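Using UniProt numbering, you'd call the opening residue of the sequence shown number 1 and step up by one each time.
In what follows, a structure is listed as structure tokens, so that the remarks can point back to it.
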Amino acid sequence: MTQHLHSAERGRPREFDMDSALDKAMVLFREKGFQAAAISELGQVMGLTVGSIYKAFGDKNRLFAAVFARYLAQRHAALKDRIAGKTNGLEKIAALIDFYLDSAQEVEGRRGCLVVGSTVQLQIFAPMLVAQVEQAVSSQQGYLAALIAEGQADGSISSEIDGETATSLLQSLLYGLRVAGKVANPGDHQRTIAMALKILQ
């Protein structure tokens with residue numbers, strides 16, 4: 001998507017790639033957090049002047065909201081591809097855990113999760129954005145609950161476990177992996193997945 005900004009120096013609109021600019025801002029928000037990512041730094045990484053950022057987005061809060069929405073869309077698309085072809089609820093949850101383990105490794109892991117990283121910061125520095133993050137957390141919780149229910153229906157997950165408790169435990173595990181990934185790579189994937197799936201036995 002191309003955005004047009006008016007350039008006073010040249011008297012004509014200046015174009016920039018909105019998606020590319022948001023992706024660059026996303027990296028900075030993930031690495032430094034909402035509060036520490038100064039608008040001047042955002043301008044540098046996005047290749048825009050501070051004035052251009054305000055013209056395009058209104059303020060830092062709205063820029064973050066646009067970045068956050070794009071981050072979620074990218075994550076959802078990648079997760080959908082990872083789960084495609086899995087035949088039952090347990091396999092899908094195993095693939096989901098593996099997806100989070102991959103996300104917690106190397107450069108991707110060091111950058112961190114925008115959802116997890118923003119949960120506390122936004123309540124302090126930008127409460128008007130909290131609802132967007134809470135919706136993302138709630139959506140993931142609902143998705144996990146649906147996969148557990150699917151597994152119980154198809155017989156791949158024990159019908160005796162409490163779905164709500166299992167959902168909460170798995171969500172805590174996934175977020176914990178992203179936090180740990182900021183400082184170190186996770187351990188052996190298959191062993192971690194096998195241990196996590198014991199929650200569902």
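Just so it is clear, CB atoms sit at the ideal spot from N, CA and C, and this is done for glycine as well.
Values in this document were obtained by computation on a predicted structure and should not be read as measured data.
Can you list, in chain order, the residues of its chain whose CB lies under 7 Å from that of residue i, leaving out five sequence neighbours each side?
i: L169; result: I199
i: A149; result: G163
i: A94; result: I193, L197
i: Y175; result: V116
i: I161; result: L200
Can you give me the C-alpha to C-alpha distance between residue i and residue j, rounded to a whole angstrom?
i: L147; j: K92; result: 7 Å
i: E108; j: K32; result: 14 Å
i: A78; j: Q171; result: 18 Å
i: Y71; j: L114; result: 8 Å
i: V27; j: L63; result: 13 Å
i: S20; j: M46; result: 8 Å
i: A84; j: L96; result: 11 Å
i: D98; j: H189; result: 7 Å
i: L144; j: A65; result: 24 Å
i: V133; j: F125; result: 13 Å
i: R75; j: R110; result: 16 Å
i: F29; j: G89; result: 33 Å
i: L22; j: L177; result: 25 Å
i: Q141; j: A166; result: 10 Å
i: F68; j: Q35; result: 14 Å
What is the DSSP secondary structure of residue i, counted as helix, strand or coil?
i: E160; result: coil
i: D59; result: coil
i: D188; result: coil
i: residue 212; result: Because residue 212 is not part of the residues shown, which for the chain are 1 to 201, the question remains open.
i: A145; result: helix
i: V107; result: helix
i: G151; result: helix
i: Q201; result: coil
i: G112; result: coil
i: V183; result: coil
i: A78; result: helix
Leaving out the 5 sequence neighbours to the left and right, which residues in its chain are closer than 8 Å to residue i when beta-carbon positions are compared?
i: E106; result: N185
Which residues in the same chain as residue i place their Cβ atom closer than 6 Å to its Cβ, once the five residues preceding and following it in sequence are excluded?
i: R10; result: Any reading at R10 must be qualified, since the residue scores a pLDDT of 47, below 50, and its modelled position is unreliable; the value itself is stated next. If we look at R10 and ignore the five residues flanking it on each side, it has no Cβ neighbours.
Relative to the ligand COA, is the shortest distance from any of its heavy atoms to the C-beta of residue i smaller than 7 Å?
i: V179; result: Of the ligands one can find in the structure shown there are none, so the ligand COA has no counterpart to examine.
### Message
I'd like the ranges of any alpha helix (DSSP H) spanning at least 4 consecutive residues and lying wholly in the stretch 19-55.
### Response
39-46
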